[in-house]
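> Structure below; questions to follow.
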Amino acid sequence: MQENRLIRLKGASLDGTQAFPVQVEVNVKRGIPRFTITGLAATSIKESSDRIRVAIENSGFESPLANVLVHLGPASRKKQGTYLDLPIAVGLLHLTGQCPDPETGKNLLWLGELGLDGSVKPVRGILHILRQLESGSYRAVVVPWENREEAALQTRIPVISIKHLNQLESVLSGKVLSEPKTSVRIKFQQLPDSLEIYRDQMPGLRAVQISAAGWHHCLLSGPPGAGKSMLARLGYSLLPPLRESEALDLLSLRSLQEQIVVPEASRPFRSPHHTTSDVALVGGSSSLRMGEVTLAGHGILFLDELAEFKPNHLQALREPMEEGYITVSRISGSVTYPSPFLLIGATNPCPCGFYQSSHDVCICKISKVQSYQSAITGPFLDRIEIFLHLGTGSKPNRERVKIDLVRLRESIRSASERQEKRLLAATGKLYNGRLRGEEILRWIPLSSKSEELVSKAVRKRSLSIRKMLQLRKIARTIADLDGRNEIEERDLEEALVFLNSGWFPENRAAA
1 MQENRLIRLK GASLDGTQAF PVQVEVNVKR GIPRFTITGL AATSIKESSD
51 RIRVAIENSG FESPLANVLV HLGPASRKKQ GTYLDLPIAV GLLHLTGQCP
101 DPETGKNLLW LGELGLDGSV KPVRGILHIL RQLESGSYRA VVVPWENREE
151 AALQTRIPVI SIKHLNQLES VLSGKVLSEP KTSVRIKFQQ LPDSLEIYRD
201 QMPGLRAVQI SAAGWHHCLL SGPPGAGKSM LARLGYSLLP PLRESEALDL
251 LSLRSLQEQI VVPEASRPFR SPHHTTSDVA LVGGSSSLRM GEVTLAGHGI
301 LFLDELAEFK PNHLQALREP MEEGYITVSR ISGSVTYPSP FLLIGATNPC
351 PCGFYQSSHD VCICKISKVQ SYQSAITGPF LDRIEIFLHL GTGSKPNRER
401 VKIDLVRLRE SIRSASERQE KRLLAATGKL YNGRLRGEEI LRWIPLSSKS
451 EELVSKAVRK RSLSIRKMLQ LRKIARTIAD LDGRNEIEER DLEEALVFLN
501 SGWFPENRAA A
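Okay, so the sequence shown: first residue is 1 according to full-length UniProt numbering, each after it adds one.
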């Protein structure tokens, strides 16, 4: 071994959910034996020195009795996890002449944790890292064998898997072939072809259909037995099929929490209890963990008994409802999580549930009703696009009707495809409900007659600019459900019925 030698290898790490490349510089020189790691390395990385030494020895190699300095660049960014065990070990083995020059496998990205026996252990977040790094910077990525299927879900960087350090020579000499592409499996529910509901629940079904087709946040109000929770869960079964890009997003986030053994994904349905904490709902704590708004991404976040939630918890939902992401900041750092969920809420109009019911007597004082409803504040309601009050409840002898769910799902699937064709290439968005500001005016044009109807509604209802734009989005989704390119006046009139432009009395009268 020469007195002083240096090698640079490529690794990666995570800052919250943001992946970034790490240059692993390994220097070995004569001197007092020690192993130092610099470059804002977390405890899990600093502890790797002894683990790497023992792994090298138990793999049949010799660990150098020398002064070893490992620097992880950029030095200004904190590195976490155990992703860098493998590149550090490869650098040491090359500098001591025990493995071929890694330059023969030029531009390889190394990711993996080492066991004491020299085995390469799986790590979390492999898929998430590879989807974010620039593919042109690497010829291939070397990952643990157990992460091979997860890594191969992306096609940007070829994947080479390794089980043990003693396979390094095969990897660096090009004898190990790249892993074949892995396809994500979409998990589909076994759904009925038809369903019987009460006729007075038909407006609620229509509200949920529009909500699912255009990704519009929806709130259902009504007395006990009106079918609010049933309709919300039915809305989950009506959601358009999960696209591959959405499935990869779900698996990518899941990989941050666990190793992906089966590359299978389905739309989530999260229903946290009203006693849940704000940290559990939106994310946080000292570990900056994900909340329900992120775990419900590309699926439904169902909040039953909405008025029972603490007002500050609902206020925390305002930004992710509108923007589709949430930034959680604590003293330990800051992280931005995606949160493209569809909110469906259900609530009673008062504590007993029968306020202004025509069939049951409400036992609540007006002050109690006002206090109960005040939990759902105006700024939160302003983000709700579809509202409906189901006023029948447990009326006896209600008429039942049979619903063709196959036809209903087909109309929603067709509407979602129309939206994707119209919006994805230009805006990167899939649904009308995700459009914001100028995007709405540009991609949802109206005829002169329709513009006049909107202006009249704005004056009559004193609609805010946000509500006026929501009206256009809902009308566009209704037209998509009917397979029409142009928005007609009847679409706007129906959208006005469901538009949430106030609290219970006004909307109840409209519905």
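Here a beta-carbon is modelled for each residue, glycine too, at the ideal position from N, C-alpha and C.
1. DSSP three-state call for residue 124: helix, strand or coil?
2. Around the C-beta of residue 155, are 16 or more other C-beta atoms found within 10 angstroms, so that it is buried, or is it exposed?
3. If you check the beta carbons only, do residue 120 and residue 162 fall under 7 Å apart?
4. Could you tell me the distance, in whole angstroms, from the CA atom of residue 111 to the CA atom of residue 252?
5. Have a look at 499, 44, 128, 92 and flag the residue whose alpha-carbon is nearest the alpha-carbon of residue 245.
6. On a CA-only basis, which of 180, 438, 418, 437 is nearest residue 430? Give me that one, please.
7. Residue ranges of each alpha helix (DSSP H) run of no fewer than 4 residues wholly in the segment 269-304, ordered along the chain?
8. Are the CB atoms of residue 108 and residue 142 within a distance shorter than 7 Å?
9. Of the residues 21, 457, 440, 494, which one's Cα is nearest the Cα of residue 135?
10. Do you know offhand how far residue 338's Cα is from residue 363's?
11. Is residue 447 helix, strand or coil by DSSP?
12. What residues in its chain sit with their C-beta under 7 Å from that of residue 409, if we drop five residues either side in the sequence?
13. By DSSP, does residue 31 sit in helix, in strand, or in coil?
14. Cα separation between residue 492 and residue 377?
15. Are the segment 310-325 and the segment 335-350 touching by the rule of at least three beta carbon pairs closer than 8 Å?
16. For residue 215, list the residues DSSP reports as bridge partners.
17. Go ahead and label residue 202 buried or exposed: buried means 16 or more other beta carbons lie within 10 angstroms of its beta carbon, across all protein chains shown.
18. Applying the 10 Å Cβ sphere with the 16-neighbour rule, what's the burial state of residue 470?
19. Which parts of the segment 159-198 are runs of the alpha helix (DSSP H), unbroken and 4 residues or longer, counting only runs that do not cross its ends?
20. Would you mind working out which of 25, 224, 82, 61 sits nearest residue 74, comparing C-alpha positions?
21. Name, in chain order, the residues that DSSP records as bridge partners for residue 387.
22. Using a 10 Å radius around the Cβ and a threshold of 16 neighbouring Cβ atoms, would you call residue 359 buried or exposed?
23. Spatial neighbours of residue 375 within its chain, please: C-beta separation below 6 Å, excluding the five flanking residues on both sides.
24. For residue 82, is the classification buried or exposed, using 16 other Cβ atoms within 10 angstroms of its Cβ as the cut-off for buried?
25. Would you identify the three-state DSSP class for residue 342, choosing helix, strand or coil?
26. Rounded to the nearest angstrom, how far is the Cβ of residue 328 from that of residue 288, given a contact under 8 Å?
27. With DSSP collapsed to three states, give me the class of residue 513.
28. With DSSP as the reference, label residue 359 as helix, strand or coil.
29. What is the DSSP secondary structure of residue 139, reduced to helix, strand or coil?
30. My output table needs one value for residue 83: the three-state DSSP class, helix, strand or coil.
31. Opposite residue 144 in the DSSP bridges: which residues?
32. Which residues mark the beginning and the end of the beta strand (DSSP E) in which residue 402 is found?
33. What is the rounded straight-line gap between the Cα of residue 61 and the Cα of residue 98?
34. How many Å lie between residue 236 and residue 211 at the Cα?
In brief:
1. Here residue 124 refers to the residue found at position 124 of the sequence shown. Under the three-state reduction of DSSP, residue 124 is assigned to coil, being neither helix nor strand.
2. Along the sequence shown, read from residue 1 onward, the residue named residue 155 stands at position 155. Looking at its Cβ environment, which holds fewer than 16 other Cβ atoms inside 10 Å, residue 155 is exposed.
3. Residue 120 sits at position 120 when you count from the first residue of the sequence shown. Residue 162 sits at position 162 when you count from the first residue of the sequence shown. The answer is yes: Cβ separation under 7 Å.
4. Numbered from 1 along the sequence shown, position 111 holds the residue referred to as residue 111. Numbered from 1 along the sequence shown, position 252 holds the residue referred to as residue 252. The straight-line gap separating the alpha-carbon atoms of residue 111 and residue 252 is approximately 16 Å.
5. Taking the first residue of the sequence shown as position 1, residue 245 is located at position 245. The shortest C-alpha separation from residue 245 is found at 128.
6. Numbered from 1 along the sequence shown, position 430 holds the residue referred to as residue 430. Residue 418 is the option with its Cα nearest to residue 430.
7. List check, alpha helix (DSSP H) in window: 278-282, 292-295.
8. For the purposes of this step, residue 142 is taken as the residue at position 142 of the sequence shown. For the purposes of this step, residue 108 is taken as the residue at position 108 of the sequence shown. Yes, the Cβ-Cβ distance between residue 142 and residue 108 is below 7 Å.
9. The sequence position of residue 135 within the sequence shown is 135, counting from 1. Put simply, of 21, 457, 440, 494 the residue whose alpha carbon is nearest the alpha carbon of residue 135 is 21.
10. Working through the sequence shown from its first residue, we reach residue 338 at position 338. Working through the sequence shown from its first residue, we reach residue 363 at position 363. Between residue 338 and residue 363, the C-alpha separation is close to 43 Å.
11. Numbered from its first residue, the sequence shown carries residue 447 at position 447. When DSSP states are grouped into helix, strand and coil, residue 447 belongs to the coil group.
12. Taking the first residue of the sequence shown as 1, we reach residue 409 at position 409. Only residues of its own chain outside the window of five on either side were considered, and among them 238 have a CB closer than 7 Å to the CB of residue 409, listed in chain order.
13. To locate residue 31, count along the sequence shown from 1; it is residue 31. The answer is coil: DSSP assigns residue 31 none of H, G, I, E or B.
14. Taking the sequence shown and counting its residues from 1, one reaches residue 492 at position 492. Taking the sequence shown and counting its residues from 1, one reaches residue 377 at position 377. Residue 377 has its alpha-carbon roughly 26 Å from the corresponding atom of residue 492.
15. These segments touch.
16. Walking along the sequence shown from the start, residue 215 turns up at place 215. Partner(s): none; residue 215 has no beta bridge.
17. The residue you call residue 202 lines up with position 202 of the sequence shown. Exposed is the label assigned to residue 202, since fewer than 16 other Cβ atoms lie within 10 Å of its Cβ.
18. Counted from its first residue, the sequence shown places residue 470 at position 470. Burial call: buried.
19. Complete alpha helix (DSSP H) runs here, min 4: 168-172.
20. Stepping through the sequence shown from its first residue, residue 74 is reached at position 74. Among 25, 224, 82, 61, the Cα nearest to that of residue 74 belongs to 25.
21. Taking the first residue of the sequence shown as position 1, residue 387 is located at position 387. Answer is 219, bridged to residue 387.
22. Position 359 of the sequence shown, counted from the first residue, corresponds to residue 359. Looking at its Cβ environment, which holds fewer than 16 other Cβ atoms inside 10 Å, residue 359 is exposed.
23. On the sequence shown, residue 375 is found 375 positions in, with the first residue counted as 1. Only 307, 311 meet the Cβ criterion.
24. Taking the first residue of the sequence shown as position 1, residue 82 is located at position 82. It is buried - the Cβ of residue 82 has at least 16 other Cβ atoms within 10 Å.
25. On the sequence shown, residue 342 is found 342 positions in, with the first residue counted as 1. The three-state secondary structure of residue 342, taken from DSSP, is strand.
26. Within the sequence shown, numbered from 1, the residue matching residue 328 stands at position 328. Within the sequence shown, numbered from 1, the residue matching residue 288 stands at position 288. Right, their Cβ atoms sit about 6 Å apart.
27. No statement about residue 513 is possible, as the shown extent of the chain runs from 1 to 511 and does not include it.
28. By one-based count along the sequence shown, residue 359 stands at place 359. Three-state DSSP puts residue 359 in coil, outside helix and strand.
29. Start at 1 with the first residue of the sequence shown, and residue 139 comes out as number 139. Coil at residue 139, not helix or strand.
30. Counting from 1 along the sequence shown, the entry for residue 83 is found at position 83. Coil at residue 83, not helix or strand.
31. Residue numbering aside, residue 144 sits at position 144 when the sequence shown is read from its first letter. Its beta-bridge partners are 162.
32. For the purposes of this step, residue 402 is taken as the residue at position 402 of the sequence shown. Secondary structure note for residue 402: its beta strand (DSSP E) is the uninterrupted segment 400-404.
33. Taking the first residue of the sequence shown as position 1, residue 61 is located at position 61. Taking the first residue of the sequence shown as position 1, residue 98 is located at position 98. Between residue 61 and residue 98, the C-alpha separation is close to 7 Å.
34. For the purposes of this step, residue 236 is taken as residue 236 along the sequence shown, with counting starting at 1. For the purposes of this step, residue 211 is taken as residue 211 along the sequence shown, with counting starting at 1. The alpha-carbon of residue 236 is positioned some 10 Å away from that of residue 211.
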